[in-house]
Structures are given as structure tokens and as C-alpha cells.
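Heads up: the protein sequence lines correspond to chains Y, Z, X and C, in order.
The opening residue of the first sequence carries number 1 in our numbering; numbering runs sequentially from there.
The opening residue of the second sequence carries number 1001 in our numbering; numbering runs sequentially from there.
The opening residue of the third sequence carries number 2001 in our numbering; numbering runs sequentially from there.
The opening residue of the fourth sequence carries number 3001 in our numbering; numbering runs sequentially from there.
For each residue, glycine too, the CB sits at the ideal point set by N, CA and C.
Bear in mind the structure is a predicted one, so any value in this text is a computation, not a measurement.
First the structure, in the form of C-alpha cells, and then the observations on it.
Number of protein chains: 4
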Amino acid sequence: MEKETLRIEGFSDAVFAIAVTLLVLDLHFPQENSIKSGNDLMIFLSNQWPSFLAFILSFFSIFIMWVNHHKIFKQIYSRNSAIMFANGLILFLVSAVSYPTALLARYFDGQASSVVVAIYTSIFVLINLAYNLLWFVATRNKKLLRPGITNAAIKQIRNNYLYGLPIYIIALILSFWFPAVSLLIILGLWIFWALSSGKIEMTLDKDYSDSLK
Amino acid sequence: MEKETLRIEGFSDAVFAIAVTLLVLDLHFPQENSIKSGNDLMIFLSNQWPSFLAFILSFFSIFIMWVNHHKIFKQIYSRNSAIMFANGLILFLVSAVSYPTALLARYFDGQASSVVVAIYTSIFVLINLAYNLLWFVATRNKKLLRPGITNAAIKQIRNNYLYGLPIYIIALILSFWFPAVSLLIILGLWIFWALSSGKIEMTLDKDYSDSLK
Amino acid sequence: MEKETLRIEGFSDAVFAIAVTLLVLDLHFPQENSIKSGNDLMIFLSNQWPSFLAFILSFFSIFIMWVNHHKIFKQIYSRNSAIMFANGLILFLVSAVSYPTALLARYFDGQASSVVVAIYTSIFVLINLAYNLLWFVATRNKKLLRPGITNAAIKQIRNNYLYGLPIYIIALILSFWFPAVSLLIILGLWIFWALSSGKIEMTLDKDYSDSLK
Amino acid sequence: MEKETLRIEGFSDAVFAIAVTLLVLDLHFPQENSIKSGNDLMIFLSNQWPSFLAFILSFFSIFIMWVNHHKIFKQIYSRNSAIMFANGLILFLVSAVSYPTALLARYFDGQASSVVVAIYTSIFVLINLAYNLLWFVATRNKKLLRPGITNAAIKQIRNNYLYGLPIYIIALILSFWFPAVSLLIILGLWIFWALSSGKIEMTLDKDYSDSLK
């Protein structure tokens, strides 16, 4: 059975790649004529730490989303309108990440800290929901999936995204009181995804080789 | 028969993906030192609603255009200069969409409302014309198309684009008196494309499997 | 014989696609609070005609360069360092086109008109030289080319690029006295490429089918 | 054995292509109304030489990194989490290059010269480390590599990156006293990579054809 989703994957990859690379445009420069020495520049750059933090956090968040997108689409062989539009929703949210990132960079270190972290975590809640939606519409009809995929594998991927949801929501709620803690949770989820990514891979590979027997 | 249009599709996908992802750069930030509290930021952001509206409207419009582009090129197997340049015209207009989008974001909520909506709808009229042109030049010579495509399928795709034209023109005319209605029509066309996209798919799939008999 | 240049083509396509899509970022917006009515906006936009002209001219120039790049790489099957770096030079110049385009947009309608047209035509002279270089290094060793390509076909492609060179140089020289004429020549070359592109295609297709006999 | 890394390569190519093409956005324009004649523009542009230098230096540095990335991934056939994240680190640093490039463009010709060259060379040190890391994690398990790759070939690639490291570190140290010399060293490394690239190619090709015997 031929994989029909190659052009969707190519388009999605391009959107992820552009979204991730545009983040650097949010890093700022000193105002003209404000730098009289190397020291001035060092001071300016060290005051920019929220920008660098936001850049790194968003880069790797989008990168891990891409890894997960990759992983989901390895299991999807056909497409229908629902998959197209659930994927479109993911791409929309991914392309939008740079805006809350830039807000975070500008206002994390100030009075609007809670608001920007709440907005920033909200977009990750939405992205998580969109991934859950994509996997939900893809698995409603097993004919769209990789031939031979087991229910255990389908369920493991579903759980992987479902478990992320409450954690992102907790990060969102905490942002009103402890914005720094929320960012630490998002950072912590990287480690979770990185580890679970290895585990899912193994199940699916086993699943795949079983299907060839 | 080998498909000759893969590199054109790849290039087109990249242009669509970049055009869609650059839209986020039109979202604005508060002027420096104007935000003293989270509340200031909330007020600023809520005043930016035309920017968010324009961003969403243009993102999904370009996304649906990409879905349609995808669909047309699944039927085109060879290329000639006319196809190359009709496609170039589509890409030019798609890459330009962010400019009227940014005008809409800035002036929809003000005295120049009609003018910006008229410009915004005009670009969709032009894009519709360019899609009609592409399908016209591709179908003049059936040897360029997927082997076995039926006249019914060719006609259904043609009608799909032709029917869009008067609706976009109505949206353009209405923009001078009721700019908000014009935008609603463009939004309504999303639903039309999403639904018709499923129907065309079915015809073409039937067509394709008939051609294998 | 397997084609080894697919990843180079993919990378090049991406650079062309981004270069062409970034051009829209050079279109300007009115200063804040300067637009009191739809009429103000119309006046602003009509004064922006050099920006729109430069955008259109550069978009289709890069697009035609991409068509030509496509055409050359259909004949190149292997790569060596010289091809990699000649191609790198083309990509560098293509990615740079937006800068002279923006200068043209800003100063074509003013005292610096000749200087900006001279810079703008210079980059096309350089790009033409880079294409000639690419074809020169690719044809030094026929083993790098498509098996069965005839000397007539190699020569026709070479001439196609060599003939462009004096025309671009004439446009460059004329820019000091008649900048508008220089732009017309560059526009005229589009028509030349579009027509010659069809003709070369035919020769190469005949060449290709002869090689199969 | 099927190559599993195609989508990683496509994504990486896109990031490289965008990073390299966004560099042009760092070239600046004269302030409005500051240009009264062609001569004013010539003076402005000639004062911009550090921007042009930084643009050229970064473009070809990233381009050569892409050539090397290409070369490494021709040897990697499977992927695991470690490869994914080492590659993610490379892409992060590559996407970040435009920021130190812009700092270099602004401050190379002034009091902060040493600081910006030190930052600029630091990012190349980090990128070199990331390439060493990628090749280290890829070669820990030979099953991930191209079947038939010899230990000699693995070692030659490793040395190629290891030898770059001390040179980048020397460039970094020298930047505090002789910033211009540091840039010359980075420029010199282009020639080294271009030459060694040819040599590695030959070894690997021999290696590859030996593996077929």
C-alpha cells in the first residue's frame, strides 16, 4: 500500500522548519549609538537573557513537536479531509508560536510576567489538543493507518499525547502565581518527550516487525 | 508514465509554506516602555483583534489554496511553459498575500476599512483567476494530464474553480459598502472548499480506480 | 545511472523559494496615524509604485532563474566540489537579490535612480556569470552529465546563457544614462527566456528520446 | 537496507536553506530622506562594508556546513533519539548564526570589535562540537551507518571534524587581540573544508565501491 501523505509531510516539514528558524528574528539589537565599548555590548546582551531563554525554549519545543509529527505520520498512510484540517490546525499553531515567544522575551522580566507565561503555555495547551485531535481523526478509520498497526501501538501513541494535556494545563494554571515554575514544567516535558519518544519507537518497531511475520 | 512535475510541486510547496509562516511577522508588539502591568498588555492585545483576525483568515485561505494546488497537481503529469508560468503567477500572488493581510490588520478597524477589504478580496479574485488559468492551460492538451482521467473529472475540477469566481467578485463589490460581510463570504468559502474538496476527491478516486479496470 | 544531485536540487529549490517569498517583506506601510481615510491610503499606495514594480520584476526574475536551474540540473547526474561551489555562488547571489531590489524600490524614483539600477543590473550580470560557470564546470567532464546527452544539446544550453551576458552588460551600461531602459531590457529578457526555454526543452527531449534508440 | 533518515535530511535542508537566506535581512538601508544623490548612496553603501563582509562570511560558512551535513548523512542510514537530538543541536546553532552575524556587521568596525568577533567565533566552536557529537553518537553503533562502511572511512570523517576544533578555538582566543585575524582564519577554514571535502569524497567512494565487490 502506497503512502499517500508524502506531500503533506513535506509541506508540514517546511512550516516547522520555517517557524523554528524565524525565531531568531526576535532577538534584539542595541539602539543605534548606544554601544561605546565592548563592555556596553556585554551588559546589553546579559540583559537580554529572557530573549535567549525564550528562543531556546521555543526552538526545542517546536523541534520536539516536529519529531512527534514525524512519528505520527509514519503511522498514517492515507489522508482524508479531517486529517488535512487537523494537520492544518497544528501548522497554524506552530507558525504562531513565535508571537507568544516574543511576548515572553519582552515581558517575562517585568510586571506582565504572569500574563505572558499564561499566553505562552496556552499555545502549548492548544497544540497538544490539536495533536490529540489529529490522532483521534486518524484512528477513527483504521484503513487510514499503516497496515498491520496493532491496537496497543495506537493506544500508546494516544496516551502519549493525552498524558501531556493535564501537565500543560497545570503549567497554564501555575503561570498566574509562579510563572518561572510553568516554564520549568515545559522544559521538563522535553525530557519526558525525549524519553517516551525512544520507548514508543521500540514498541512500534516491534509492532512493525511482528506485522511482517 | 512518470510524473514530471515533482520538482515544481516541491518548489510550490515551499513557497506556500513560507508565505503561510511569514504571516506571523505581521503581528505587532507594544511600543517600548508602554506596558507597565499585565493589564496594559491585555488591553493592548485585545485592541489587536483585527491583526489576529487577518492572520487567521489569511493562514487558512493560503492553506486551503495549498490543498487545492495539491489536488490539481495530482492530475498533472507533464509540464510545458504555459503550466510553469500559470503556476508562477499563482505563487507570485500567494507570496503577495501577506501585504494586503497586513493592510487589513492595520486599517480594518477605521476609516480606510472599505479600501483595505477591497484590496484584500481583490487578491483572492486574482488567485482564483490564476487557478482557472492553470487548469485551462493544463487541460488544453490531455497528454499533460494523468493517464485515464475522464472528461467528467476534468469538468468537475474546472467548475469547482469557476464557481468560486463570481462569489469572490461579489465579495469584492460588497466590500465598498459592507466590508465585514465581504470577509464573512471569504470565511464561508473555506467551508465550501472543505466540503467540495471531499466530493471531488471521491469522484477522482472513482475515476482513478475505473481507469485501472 | 542514479541521479546523485537530488539533495542539492532540494536545497537549491528551498533557497530559491525563500528568496522569492521574502521579497514581499520589502513592501512598506504608511507611518502610524498618517492614514485618516481610504483616500489617504490610495494616495500612499499609488506613490509606492516603484516598490510594486521592483517586487514584480525581482519575483519573476528569480522564478525564471529557478526554471533555468531546474533545466540545468536535469542534465547533471553527478556532482563534484566544483559543481557544489558554482551552485553555492548562484544561491548566494539569488539570496542577495532582495537587497538591490529594496534599494531599487526606495530610490528608483529620485536622484539616485542611476546608481540603484546599475547595482540592480549588476547582480543579474553576476548571476548570469555564475550560471555560465556552473555549466562550464559541469561540462568539463561529460561523466557528470545525463548519460547520452549530445554535444549539440550541451552547446545549446551554453549559448543560451552566453547570449544573455552581453545583454545584461548593455543593460548595466545603459543604466547610467537611461535607467528605465535598463529595466525594460531585463523585462524583455523574461520573454526571451520564456521562449528559448520552450525551444531548449524540445531539443533536449528529442536528444533524450534519440539516446534511447 | 532502506535509508530511514530522509525526512530528517529534508527538514535539516530546509533549516539550513532558511538560515542562509534570512541573512540578507541583516543588510541595512539608509535612514529616510538621508539620500539626496547617487553619491550619498555610494557613500552609505561603502560604509556598510562590515555588513557585506559578515553576510558573505556567514553565507558560505553555513553553506559549507550544509555540504558537510549532507556528507555525514550519506553515511547514516538509521536514526535513534541521540542522532535526532545531536542533529537538533546543530540546527539550533545554525538557525542562531544570523544573530552573531548581525552583531559582527554592526560592531566589527568600532570599539566592541573584539567582543563581537569572540561571540561570532564562539558559535562556530559550538557548531564544530555539535558535528563532533553527531558523528560520535552515530558511530557508537555501526548498525546505524551505511552498510559496508569501513573503519578507515569512519575515522577520516571523525578526524576531519576533530581537526577543525583547535583551529576554531585558536580563532576564538585570537579574537581578543586580533579580531581581523580570527575572521581570516574562519575564511581560511573554507578552503580547508573545500579541499578536504574532495579528499573525503574520494575515500568514501573507494570505500563504497570496495563494499560492493
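Item: Within chain Z, partners of residue 2020 of chain X - CB distance below 8 Å; Value: 1015, 1091, 1095
Item: Members of the stretch 3127-3145 of chain C that neighbour chain X once the beta carbon cut-off is set at 9 Å; Value: none
Item: Beta-carbon proximity check, residue 2146 of chain X vs residue 2075 of chain X, cutoff 9 Å; Value: yes
Item: CB contact flag (residue 1090 of chain Z, residue 1012 of chain Z, <9 Å); Value: yes
Item: Neighbour list for residue 2102 of chain X in chain C, Cβ cutoff strictly below 8 Å; Value: 3029
Item: C-beta neighbour in chain Y for residue 3157 of chain C, strict 9 Å; Value: no
Item: Cutoff 8 Å; reference residue 3129 of chain C; Cβ partners in own chain excluding five residues on either side; Value: 3165
Item: Partner residues on chain Y for residue 3112 of chain C, Cβ-Cβ distance less than 8 Å; Value: 35, 37, 38, 40, 41
Item: Within-9 Å CB hit, residue 2056 of chain X to chain Z; Value: yes
Item: Beta-carbon spacing of residue 18 of chain Y, residue 3008 of chain C below 9 Å; Value: no
Item: Buried or exposed (CB count within 10 angstroms, at least 16 for buried), residue 173 of chain Y; Value: exposed
Item: Classification of residue 3054 of chain C by the beta-carbon crowding that lies within 10 angstroms, buried from 16 upward; Value: buried
Item: Contact under 9 Å by Cβ, residue 1066 of chain Z with residue 1016 of chain Z; Value: yes
Item: Short CB-CB distance (under 9 Å) between residue 1066 of chain Z and chain Y; Value: yes
Item: Alpha carbon of residue 1179 of chain Z to alpha carbon of residue 1113 of chain Z, nearest angstrom; Value: 7 Å
Item: DSSP-derived helix/strand/coil call for residue 1090 of chain Z; Value: helix
Item: Whole-angstrom distance between residue 1194 of chain Z and residue 1 of chain Y, CA atom to CA atom; Value: At residue 1 of chain Y, the pLDDT of 49 sits below 50, so the modelled position is not reliable; the number obtained from the coordinates is stated separately. Taking the straight line from one Cα to the other gives about 26 Å.
Item: Residue 3139 of chain C - containing alpha helix (DSSP H), residue span; Value: 3113-3139
Item: Pairwise C-alpha distance: residue 79 of chain Y and residue 2027 of chain X; Value: 38 Å
Item: Proximity winner among C:3032, C:3043, C:3156, relative to residue 2105 of chain X (alpha-carbon distances); Value: C:3032
Item: Residues bridged to residue 1076 of chain Z [DSSP beta-bridge criterion]; Value: Z:1145
Item: Selection from Y:191, Y:121, Y:161, Y:81 that minimises the alpha carbon distance to residue 171 of chain Y; Value: Y:121
Item: Residue 6 of chain Y, buried or exposed, once every other Cβ within 10 Å from all chains shown has been counted against 16; Value: exposed
Item: Environment of residue 2058 of chain X [buried if 16+ CB atoms lie within 10 Å]; Value: buried
Item: Same chain only: Cβ atoms within 8 Å of residue 44 of chain Y, ignoring 5 sequence neighbours per side; Value: 30, 34, 35
Item: Residue range of the unbroken alpha helix (DSSP H) whose run includes residue 3047 of chain C; Value: 3038-3047
Item: Partner residues on chain Y for residue 3052 of chain C, Cβ-Cβ distance less than 8 Å; Value: By Cβ distance, chain Y contributes nothing, its closest Cβ being about 18 Å from residue 3052 of chain C, past 8 Å.
Item: Own chain residues within Cβ distance below 8 Å of residue 1038 of chain Z, not counting five before or after; Value: none
Item: CA nearest to the CA of residue 2941 of chain C, picked from X:2061, X:2071, X:2097, X:2051; Value: For chain C, the structure presents residues 3001 to 3213; residue 2941 of chain C sits outside this window and is missing.
Item: Sub-9 Å separation of residue 3082 of chain C and residue 3137 of chain C beta-carbons; Value: yes
Item: Chain-ordered neighbours of residue 125 of chain Y on chain Z, where CB pairs are closer than 7 Å; Value: None at all; the shortest Cβ gap to chain Z is about 17 Å.
Item: Cβ-based neighbour list, residue 3014 of chain C, same chain, cut-off 8 Å, excluding 5 preceding and 5 following; Value: none
Item: Test: residue 3025 of chain C CB closer than 9 Å to a CB of chain Y; Value: yes
Item: Beta-carbon contacts of residue 2117 of chain X that lie in its chain and below 6 Å, excluding the five residues immediately before and after; Value: 2175, 2179, 2182
Item: Test: residue 3148 of chain C CB closer than 9 Å to a CB of chain Y; Value: no
Item: Beta-carbon proximity list for residue 3132 of chain C, same chain, < 8 Å, skipping 5 on both sides; Value: 3158, 3161, 3162, 3165
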